[in-house]
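Residue numbers (the working numbering): 67 to 457.
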Amino acid sequence: MANSDALPVVIVGAGLGGLTLALALVRKGLSVTVLEQASALGEVGAGVQISANGGRVLDALGLSEALASVAFFPEAGEMRHWQTGETLISRPLGQSSIARFGFPYYHLHRADFHGVLSDALLAAAPGSVRLSAKVIAVEQGGDSVTAVTEQGERIRGRVLVGADGIHSAVRAELFGADRPRFTGVVAWRATIPTERLPPGHVRPVSSNWIGQGGHFVHYYLRRGELVNCVGCVEHRAWAEESWSAEGAKAGFAHDFEGWHEDLQVLIRHAETCFRWGLFDRDPMPAWSVGRVTLLGDACHAMLPFMAQGAVMSIEDAYVLADCLATIDDPAAALQNYESIRLKRTASVQQMSRDNRYFFHDAAAATQEQLTGHRARHEWLYGYDATAVVAA
67 MANSDALPVV
77 IVGAGLGGLT
87 LALALVRKGL
97 SVTVLEQASA
107 LGEVGAGVQI
117 SANGGRVLDA
127 LGLSEALASV
137 AFFPEAGEMR
147 HWQTGETLIS
157 RPLGQSSIAR
167 FGFPYYHLHR
177 ADFHGVLSDA
187 LLAAAPGSVR
197 LSAKVIAVEQ
207 GGDSVTAVTE
217 QGERIRGRVL
227 VGADGIHSAV
237 RAELFGADRP
247 RFTGVVAWRA
257 TIPTERLPPG
267 HVRPVSSNWI
277 GQGGHFVHYY
287 LRRGELVNCV
297 GCVEHRAWAE
307 ESWSAEGAKA
317 GFAHDFEGWH
327 EDLQVLIRHA
337 ETCFRWGLFD
347 RDPMPAWSVG
357 RVTLLGDACH
367 AMLPFMAQGA
377 VMSIEDAYVL
387 ADCLATIDDP
397 AAALQNYESI
407 RLKRTASVQQ
417 MSRDNRYFFH
427 DAAAATQEQL
437 TGHRARHEWL
447 YGYDATAVVA
457 A
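Quick look at the structure:
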């Protein structure tokens, strides 16, 4: 047995993708060390949608029961007109998702989802997560790879995975600084306790209001106790790429002035609002160098217009874990993972990019476009990351 076989897989970043990967590896009998720069485990943001292709992986990891206790299960996904409120098209979810794909469609609060993942990982592999461990360098040599932390610690592994998000330090180490482009779109988000709203104000569905120069999405979280709202609107300039920059509610209301009264009610009942610019990146031609690779937003950050960013990282995690568990040569395992995932994630990035124009021009939306949008979800949701066979 090679010396590196006894070393853990080092995962940089304890977000949704990093924890899913760690749990998948542990379930397959491999040891892991997760390095997280924050001083406590947690997740920034509010709502996340997990379609059946992600639910399939999470079920394989034994998480369905825990997720059901914190989730909301929408009955459908619908597109509505920004002024009239007319439902332009609807696709069934709920029991239809289970009947068609075998797994549900989840609405989850990111903090709840993160808690389910971290609880499962720490129960299966106590002590596997190290906090306040900011990685500042990655060194490869011989039969191992080493993460160097800000405190000067050196953690060796058989491979290292950068699951450290859009501002990935591991990606910068491998490929240099990236060049994100401002899309001309700014997003608002707010989370509203359902009890503050008029009874029945929000349908038990995922609603996407398509407009002119913007769109607005809302859906229930946490068993229906909260409503998550995200509004995207076109702006000429923006400087910061962040999920946690607080914005003034008056600005939120101004950006959606003239939209349907149902949305005005949501904005009026919001308390804390956040505002951030949306930046785009081209698909990367490669994710791996030697014993180091990337996962999730670190290698294929995408615009939030297909609700697939978190799901793609979940798919990545299972495929990568399978490759590492079944292919003896670590570098070959990473290349195989990359070859399986590159084309699919690049396609979803492009689909998300295209939807910006579709969602922001309701006047030009044709029935063919609406039907095609629904058909693309069939391709997405039917994918089975647990059945991909490592070469």
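All C-beta atoms, glycine included, are put in the ideal place defined by N, C-alpha and C. Fair warning: this is a prediction, and the values are worked out from it, not measured in the lab.
Query	Result
Between which two residues does the beta strand (DSSP E) carrying I406 extend?	Where I406 is concerned, there is no enclosing beta strand (DSSP E), although the alpha helix (DSSP H) it sits in stretches over P396 to F425.
Would L73 pass as a contact of E109 if the rule is Cβ separation under 8 Å?	no
Less than 8 Å between the beta carbons of I202 and E219, yes or no?	no
Assuming W254 and F318 form a contact by the criterion Cβ under 8 Å, report the distance between their Cβ atoms to the nearest whole angstrom.	5 Å
Out of G121, A229, N421 and V114, which one is the CA nearest neighbour of H366?	A229
Using the three-state DSSP reduction, which class does I393 fall into: helix, strand or coil?	coil
Cutting at 6 Å between CB atoms, please list the residues of its own chain near W325, excluding the five before and the five after it.	W148
Helix or strand or just coil, what does DSSP make of N69?	In this prediction, N69 scores a pLDDT of 48, lower than 50, which makes its location untrustworthy; no coordinate-derived value is stated.
Just list the alpha helix (DSSP H) runs in the region 251–326, keeping only unbroken ones of 4 residues or longer that don't cross its boundaries, in chain order.	315–321
Should V75 be labelled buried (16 or more other beta-carbon atoms within 10 Å of its own) or exposed?	buried
Can you list, in chain order, the residues of its chain whose CB lies under 7 Å from that of N294, leaving out five sequence neighbours each side?	A112, G113, T257, H284, Y285 and L287
Do you know whose CA, among Q330, A235 and H267, lies nearest G297's CA?	Q330
What does the alpha-carbon distance come out to for the pair S354 and R269?	44 Å
Residue ranges of each beta strand (DSSP E) run of no fewer than 3 residues wholly in the region 71–103, ordered along the chain?	75–78 and 98–101
Any idea which residues DSSP pairs L360 with across the strands?	G228
Grab the span of the beta strand (DSSP E) containing V211 for me, first residue to last.	S210 to T215
Beta-carbon within less than 7 Å of H443's beta-carbon, same chain only, minus the 5 sequence neighbours each way: which residues are those?	R157
Measuring CB atoms only, is the region 117–128 touching the region 447–454, in the sense that at least three cross pairs come out at less than 8 Å?	yes
Among I276, A177, R422 and F241, which residue has its Cα nearest to the Cα of E144?	I276
Would you say F424 and Q435 are within 8 Å of each other, going by their C-beta atoms?	yes
Can you give me the C-alpha to C-alpha distance between V211 and R146, rounded to a whole angstrom?	51 Å
Measure the Cβ-Cβ separation of G160 and A142 and say whether it is below 8 Å.	yes
Can you name, in chain order, every residue of its own chain whose Cβ lies under 8 Å from the Cβ of L263, other than the five neighbours on each side?	V293, V331, L332 and H335
Going by DSSP in three states, G223 sits in which element: helix, strand or coil?	strand
Going by the beta-carbon positions, is the gap between V136 and L96 smaller than 8 Å?	no
Reducing DSSP to helix, strand and coil, say where M378 ends up.	helix
Can you give me the Cβ contacts of R313 inside the same chain, cut-off strictly under 7 Å, excluding the 5 residues immediately before and after it?	Per the sequence presented here, residue 313 reads as Gly, with Arg not at that position. Only W254, C339, F340 and R341 meet the Cβ criterion.
Per DSSP, A203 is paired with what?	V214
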